[in-house]
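Residue numbers (the working numbering), protein chains in the order written: chain A, 1 to 118; chain B, 119 to 236; chain C, 237 to 354; chain D, 355 to 472.
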């Protein structure tokens, strides 16, 4: 089991920012930009790979990807702090919404978006 | 304290995909694209707001943003499953790297990237 | 007047790819990823700047930004080649759509999305 | 031949914004966000398609993609206006840089980034 204390991570990241006087730069707007920039770096790791290759990364590449994923995770956690969002609750709500939008017996094996179903 | 069991969330998301026969679409390459697409939706929520406004969202907007954040979180968790990445470990490694790159007494109050320091 | 021959740019970029045997990597899917990755790099140039600062770049930063913009432009041109899209025509159609969605006397001074108007 | 007058498109887009009193929202920072948001929408069109499928779009999907590409093009043109960037010149400079970074006889058939070559 991998329990993780999100509050503790959020506090570490917030303290890291405070020690550097960086809260002034970390408006939600700016953090959303930084997160999307990191998502762009993640894309860049995969853009010239086939889908099959993307499933079989060597150890060095996998670590590069894992650290990009950590960047995204960390900006997401900082956004939680700045916006006072409980991400675990939001995840629950979103999974419930998706379960309603995409009933298993209706969408099986199809990648259409929910609003493309008639 | 908000502990969260990442394995359990990952299992829920993986099962959600399996019930819909969606694993075939969820190569790491495709999940990275989906995550970046959601990061684009997060951006869209903030793009015409000032930084100050982005810190003072009304409840409806804050929930919209929280659900976009949940989308990003969930694609990140699915990437962890498909790539067998331990995100908590990656977060620890990345924070350690950043602590070395950005010593507090050197970068205080500055937003330059680490490779812009001489 | 800055007329530009889009076909000629597209041919240069396509030839550049052919000389390197890179067409095999340049599926529309992959080019969309590469374009979005470059958009992420553009974001990174602006993420810690205020809006006012983003309007007053020094020459070095402005050139960095211009080259990121060129990257985006070039991937867009390659997408035109691979998908046989006439971008000038698409631009005309999109401006017409936006003119209908956002009548000037209705949306003046407001940044809401068209579907947020009642 | 598809010559296109970039100045004229830029003027149309700038006038469209002026008629709606939207220049106030169009800082370079915000335009970069909007462009990246549109790049995210482009990604979303391709994320569950195989590379082969992405080359064989039906007409409806191709038009959807073309209009997303137009959105990106238009935000790029507005950025040119706000930053006074000559995109045709930047494209020339960037192609020259890439020709030096990626000599054809060295990189043929390989998708590595230039800094991954020893």
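Every residue, glycine too, gets a C-beta built ideally from N, C-alpha and C.
Being a predicted model, the structure only gives us computed values, none of them experimental.
Closer than 9 Å at the beta carbon, the chain B residues around residue i
i                      : result
residue 82 of chain A  : 172, 173
residue 325 of chain D : Any answer about residue 325 of chain D is impossible in this case: the structure gives chain D only from 355 up to 472.
Rounded distance between the beta-carbons of residue j and residue i, thought under 8 Å
i                      : j                      : result
residue 69 of chain A  : residue 205 of chain B : 6 Å
residue 154 of chain B : residue 43 of chain A  : 5 Å
residue 283 of chain C : residue 33 of chain A  : 4 Å
residue 130 of chain B : residue 83 of chain A  : Not confirmed; about 24 Å, so no contact.
residue 143 of chain B : residue 111 of chain A : 5 Å
residue 29 of chain A  : residue 167 of chain B : 6 Å
Chain-ordered chain C contacts of residue i [CB-CB under 7 Å]
i                      : result
residue 458 of chain D : 255, 256
residue 11 of chain A  : Neighbours of residue 11 of chain A on chain C: none; closest Cβ ~22 Å, over 7 Å.
Alpha-carbon spacing of residue i relative to residue j, whole angstroms
i                      : j                      : result
residue 195 of chain B : residue 145 of chain B : 13 Å
residue 311 of chain C : residue 421 of chain D : 16 Å
residue 116 of chain A : residue 20 of chain A  : 47 Å
residue 425 of chain D : residue 3 of chain A   : 43 Å
residue 14 of chain A  : residue 461 of chain D : 43 Å
residue 203 of chain B : residue 277 of chain C : 25 Å
residue 199 of chain B : residue 45 of chain A  : 18 Å
residue 124 of chain B : residue 191 of chain B : 11 Å
residue 327 of chain C : residue 337 of chain C : 15 Å
residue 140 of chain B : residue 93 of chain A  : 21 Å
residue 339 of chain C : residue 405 of chain D : 39 Å
residue 149 of chain B : residue 227 of chain B : 35 Å
residue 325 of chain C : residue 171 of chain B : 37 Å
residue 178 of chain B : residue 10 of chain A  : 24 Å
residue 183 of chain B : residue 372 of chain D : 29 Å
residue 252 of chain C : residue 362 of chain D : 29 Å
residue 412 of chain D : residue 331 of chain C : 23 Å
residue 217 of chain B : residue 197 of chain B : 26 Å
residue 459 of chain D : residue 223 of chain B : 47 Å
9 Å Cβ cut-off: residues of chain C touching residue i
i                      : result
residue 469 of chain D : The contacting residues do not exist; residue 469 of chain D stays about 14 Å from chain C at best.
residue 416 of chain D : 319, 320, 321
As assigned by DSSP and simplified to three states, the class of residue i
i                     : result
residue 14 of chain A : helix
Contacts that residue i makes with chain A (C-beta to C-beta distance below 9 Å)
i                      : result
residue 313 of chain C : The premise fails here: residue 313 of chain C is roughly 17 Å from chain A at the closest Cβ pair, so nothing lies under 9 Å.
Within chain D, partners of residue i - CB distance below 7 Å
i                      : result
residue 33 of chain A  : 387
residue 250 of chain C : Chain D residues near residue 250 of chain C: none, gap ~12 Å exceeds 7 Å.
residue 287 of chain C : 381, 383, 384
residue 165 of chain B : 384, 387, 388, 391
Under 8 Å by beta carbon: chain C residues contacting residue i
i                      : result
residue 217 of chain B : Per Cβ cutoff of 8 Å: no residues; residue 217 of chain B is ~19 Å from chain C at best.
Contact set between residue i and chain B, taken where Cβ atoms lie within less than 7 Å
i                      : result
residue 428 of chain D : The contacting residues do not exist; residue 428 of chain D stays about 14 Å from chain B at best.
Where residue i meets chain D, residues with beta-carbon distance less than 8 Å
i                      : result
residue 307 of chain C : 448
Beta-carbon neighbours of residue i, restricted to chain A and to distances below 7 Å
i                      : result
residue 465 of chain D : 48
Quick one: complete alpha helix (DSSP H) runs, 4+ long, within the segment 65-113 of chain A?
Taking only runs of at least 4 residues, the alpha helix (DSSP H) segments lying wholly in the segment 65-113 of chain A are 87-101, 104-107.
Which ranges would you report for the alpha helix (DSSP H) in the segment 127-175 of chain B if only whole runs of at least 4 residues count?
If we require 4 residues or more, the alpha helix (DSSP H) runs fully inside the segment 127-175 of chain B come out as 146-164, 169-172.
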